[in-house]
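*Asks:* 1 is the number of the first residue of the sequence shown in UniProt numbering; add one for each residue after it.
Every residue, glycine too, gets a C-beta built ideally from N, C-alpha and C.
All values reported here derive from a predicted model rather than from experimental measurement.
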Amino acid sequence: MIELVIDQRRKDLGGFEVGRVLPFAKRRMVGPFAFFDHMGPVDMPAGLPKTVDVRPHPHIGISTLTYLFEGEITHRDSLGVQQDIRPAEVNWMTAGSGVTHSERFERARREGARLEGIQAWVALPNGQEEIDPSFQHVVPGDLPTWVEGGVKGRLVAGETMGMKAGVSTFSPLHYLHLELEPGARFQTPTDHSESAVYVVQGLVEIDDGKPLGHGQMAVLSSGAPSVIHALQPTTVMVLGGEPVGERFIEWNFVSSSRERIEQAKADWRAGRIKLPDMDDQEFIPLPPDPTPPAPPMS
1 MIELVIDQRR
11 KDLGGFEVGR
21 VLPFAKRRMV
31 GPFAFFDHMG
41 PVDMPAGLPK
51 TVDVRPHPHI
61 GISTLTYLFE
71 GEITHRDSLG
81 VQQDIRPAEV
91 NWMTAGSGVT
101 HSERFERARR
111 EGARLEGIQA
121 WVALPNGQEE
131 IDPSFQHVVP
141 GDLPTWVEGG
151 VKGRLVAGET
161 MGMKAGVSTF
171 SPLHYLHLEL
181 EPGARFQTPT
191 DHSESAVYVV
201 QGLVEIDDGK
211 PLGHGQMAVL
221 SSGAPSVIHA
231 LQPTTVMVLG
241 GEPVGERFIE
251 WNFVSSSRER
261 IEQAKADWRA
271 GRIKLPDMDD
281 QEFIPLPPDP
291 TPPAPPMS
């Protein structure tokens, strides 16, 4: 059954719009997934300005999971990694105690390209929030796939349905990319206590209820499986896992401690966090603190 439906909210990242789904006021996380952005679809013309790129910025306390349907992004980070990510590959960057990275649209700038994908943040569990940063690039051959009953599936990360993706995660989770033909049905995994379905494109019913379309996430009730029924050609992501506890999120920082986030903010403001080795000529400044609400009038 559906517990909650979340509609994406359009967010401008400085010349590039995304559809933000998590965090949401009524549902901050699904399992360890603390952040979920749908990039595009957008046509990027050759010669697009560099202002569209995501300049170097920091993270703590999470792994970032970038997965594309179309296009290419060039990743550079403070570990010395430079890696292009293409469709059906996984970039899994673990920030831990702190890392910086940039995301550049260099191929699109040269040739023009259509871009679409999902970036998720997966909160690290208690006791591992401050592990050393690391980076994994996982190719399609290390991601289990199957075709059955009008469903073409890929396990992007985690473990479920007797399969395990070639991504080293830190807590129990599942993350699936499904393409469904009209009329196809898929029963969601019950390996983990929290789960959700996000519609990338198309139209589905869940448990033969209200139709869900592009940009909508259905958070599922825990315990029982749900059935996704495609009403037209549809792409969905199925995500879930075990909760890791309360997390605070401010800007690009995630932690179980507000004090740790304040320290990260101070470090970035003071220039104490290393920039990417191959992209250290600019960075995104720390945004100003939110304005506190005005006191009530007497």
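May I have the straight-line CA-CA distance separating A264 from S255, to the nearest angstrom?
*Replies:* Cα-Cα distance, rounded: 10 Å.
*Asks:* Leaving out five residues on either side along the sequence, give the residues of the same chain with a beta carbon under 6 Å from the beta carbon of S226.
*Replies:* Taken in chain order, the residues that qualify are T188, I206, D207, L220.
*Asks:* Candidates D277, P288, I6: which alpha carbon is nearest Q83's?
*Replies:* D277
*Asks:* Quick one: is residue 315 buried, meaning 16 or more other Cβ sit within 10 Å of its Cβ, or exposed?
*Replies:* Nothing about residue 315 can be read from this structure; the chain reaches only from 1 to 298.
*Asks:* How far does the beta strand (DSSP E) with D267 in it extend, from its first residue to its last?
*Replies:* No beta strand (DSSP E) holds D267; the alpha helix (DSSP H) holding it covers 258-269.
*Asks:* Which residue comes first and which comes last in the alpha helix (DSSP H) that contains A108?
*Replies:* 106-111
*Asks:* Go through its chain and collect everything with a Cβ distance to G202's Cβ below 8 Å, but skip five positions before and after it.
*Replies:* L180, G213, H214, A230, L231, Q232, P233, T234, T235, V236
*Asks:* Buried or exposed for A46, please, with buried defined as at least 16 other CB atoms from any protein chain shown within 10 angstroms of its CB.
*Replies:* Exposed.
*Asks:* For a test of the three-state rule: what should DSSP assign to P211, helix, strand or coil?
*Replies:* coil
*Asks:* Residues in its own chain within less than 8 Å of E111 by CB, not counting five upstream and five downstream?
*Replies:* A46
*Asks:* What does the Cβ neighbour count give for G19, buried or exposed, with the cut at 16 atoms within 10 Å?
*Replies:* buried
*Asks:* Where does R10 land, buried or exposed, given buried means 16+ other C-beta within 10 angstroms?
*Replies:* exposed
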